[in-house]
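**Student:** Dropping the structure in here first, questions after.
Residue numbers (our numbering): 2 to 195.
Structure below.
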């Protein structure tokens, strides 16, 4: 009888270890660790990191050094204007960023209004914005019509991109349309060597 219980215990342990290994392998395969393909190719990490180094903050590179960030505890995207030493009357960034586009040296888009849940007196109004990275200038607009008139004047397309959709695309393929041509070429070559 003791041998029977002993054998059942060993079989039970062996089955559990096998299942643990299956789960461990599944988790390992689904984890997104650093991709050394691009690093080993000598490509600037600004153009391929989907998460900020050391934490789980999702990132979308725009025009260096401008990046969109999304903390995993929030669904809101944040455009850090401090990175480019850009004066911003709204503070250190533009958030919550609802949509955007990048064209040549321009970053533009829309941020929805922000109401502080803890302080109902605090309201940051909705704004449309255009950043000229060459001139290091941020223009804010209170009205969509004024924003669209400026886009037309600057010959910029009105099409806007959803940051969540762009991020999903970027995770699968780090080549974004606004990247410099030499960076796109390097990323493509490294990707093909995988």
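For each residue, glycine too, the CB sits at the ideal point set by N, CA and C.
Given a threshold of 16 other Cβ atoms within 10 Å of its Cβ, counted over all protein chains shown, does residue 124 qualify as buried or as exposed?
**Tutor:** Within the chain shown, the letter at position 123 stands for residue 124. Result: exposed.
**Student:** Given a threshold of 16 other Cβ atoms within 10 Å of its Cβ, counted over all protein chains shown, does residue 43 qualify as buried or as exposed?
**Tutor:** What you label residue 43 is simply residue 42 of the chain shown in a count that begins at 1. Exposed, since its Cβ has fewer than 16 Cβ neighbours within 10 Å.
**Student:** State the Cα-Cα distance for the pair residue 127 and residue 84, rounded to the nearest angstrom.
**Tutor:** Here residue 127 refers to the residue found at position 126 of the chain shown. Here residue 84 refers to the residue found at position 83 of the chain shown. Their Cα atoms are separated by approximately 22 Å.
**Student:** Residues in the same chain with beta-carbon distance under 8 Å from residue 155, minus the five sequence neighbours each way, listed in chain order, please.
**Tutor:** Position 154 of the chain shown, counted from the first residue, corresponds to residue 155. Only 107, 131 meet the Cβ criterion.
**Student:** Thinking residue 109 and residue 162 are a contact (beta carbons under 8 Å), I'd like their distance in whole angstroms, please.
**Tutor:** As a first step, residue 109 must be located in the chain shown, where it is residue number 108. As a first step, residue 162 must be located in the chain shown, where it is residue number 161. Contact doesn't hold; Cβ gap of about 11 Å is too wide.
**Student:** Let me make sure I understand the geometry here. Which of 190, 112, 179, 104 has the alpha-carbon closest to that of residue 145?
**Tutor:** Your numbering for residue 145 matches position 144 in the chain shown. Scanning 190, 112, 179, 104 for the CA closest to the CA of residue 145 turns up 112.
**Student:** Apart from the five residues just before and just after residue 34, which ones in its own chain have a Cβ nearer than 8 Å to its Cβ?
**Tutor:** Counting from 1 along the chain shown, the entry for residue 34 is found at position 33. Residue placement at residue 34 is flagged as unreliable, the pLDDT there being 43, under the threshold of 50; the coordinate-derived value follows with that caveat. Same-chain partners within the cutoff: there are none.
**Student:** Suppose contacts are defined by Cβ-Cβ distances below 8 Å. Is residue 230 in contact with residue 181 by that definition?
**Tutor:** This structure cannot speak to residue 230, because the chain is shown only from 2 to 195.
**Student:** Are the Cβ atoms of residue 70 and residue 58 separated by less than 8 Å?
**Tutor:** In the chain shown, the residue the question calls residue 70 occupies position 69. In the chain shown, the residue the question calls residue 58 occupies position 57. Yes.
**Student:** Using a Cβ-Cβ cutoff of less than 6 Å, which residues in the same chain neighbour residue 142 once the five nearest sequence positions on both sides are dropped?
**Tutor:** What you label residue 142 is simply residue 141 of the chain shown in a count that begins at 1. Cβ within range, chain order: 129, 148.
**Student:** I believe residue 188 touches residue 67 by the beta-carbon criterion, under 8 Å. Please report the beta-carbon distance rounded to the nearest angstrom.
**Tutor:** In the chain shown, residue 188 corresponds to position 187, counting from 1. In the chain shown, residue 67 corresponds to position 66, counting from 1. With 8 Å as the limit, residue 188 and residue 67 do not qualify as a contact, their Cβ atoms being about 18 Å apart.
**Student:** Relative to the alpha-carbon of residue 64, which residue among 45, 96, 75, 89 has its alpha-carbon at the smallest distance?
**Tutor:** Residue 64 sits at position 63 when you count from the first residue of the chain shown. Of the candidates 45, 96, 75, 89, the one whose C-alpha sits nearest the C-alpha of residue 64 is 45.
**Student:** Which residue comes first and which comes last in the alpha helix (DSSP H) that contains residue 109?
**Tutor:** Indexing the chain shown from 1 puts residue 109 at position 108. Unbroken run through residue 109 is the beta strand (DSSP E), 107 to 112; no alpha helix (DSSP H).
**Student:** Are residue 87 and residue 153 close, meaning C-beta to C-beta below 8 Å?
**Tutor:** Counting from 1 along the chain shown, the entry for residue 87 is found at position 86. Counting from 1 along the chain shown, the entry for residue 153 is found at position 152. Not in contact: residue 87 and residue 153 (Cβ atoms no closer than 8 Å).
**Student:** Could you spell out the range, first to last residue, of the alpha helix (DSSP H) harbouring residue 128?
**Tutor:** As a working mapping, residue 128 is identified with position 127 in the chain shown. First-last for residue 128: 128 to 133, but that is the beta strand (DSSP E), not the alpha helix (DSSP H).
**Student:** Give, in chain order, every unbroken run of the alpha helix (DSSP H) that is at least 4 residues long and sits entirely within the segment 133 to 181.
**Tutor:** 145 to 154, 164 to 173
**Student:** Can you tell me whether residue 95 is buried or exposed? The criterion is at least 16 other CB atoms within 10 Å of its CB, across all chains shown.
**Tutor:** Translated into the one-based positions of the chain shown, residue 95 becomes position 94. Buried, because 16 or more other Cβ atoms sit within 10 Å of the Cβ of residue 95.
**Student:** Which ranges would you report for the beta strand (DSSP E) in the segment 44 to 90 if only whole runs of at least 3 residues count?
**Tutor:** 59 to 62, 68 to 71, 78 to 81
**Student:** For the beta strand (DSSP E) containing residue 104, list its first residue and its last residue.
**Tutor:** For the purposes of this step, residue 104 is taken as residue 103 along the chain shown, with counting starting at 1. Looking at the DSSP string, the run of the beta strand (DSSP E) that includes residue 104 is 94 to 104.
**Student:** To the nearest whole angstrom, what separates the beta carbons of residue 91 and residue 79, a pair I think is in contact under 8 Å?
**Tutor:** Residue 91 sits at position 90 when you count from the first residue of the chain shown. Residue 79 sits at position 78 when you count from the first residue of the chain shown. In fact, because the Cβ distance is near 11 Å, the residues do not count as touching under 8 Å.
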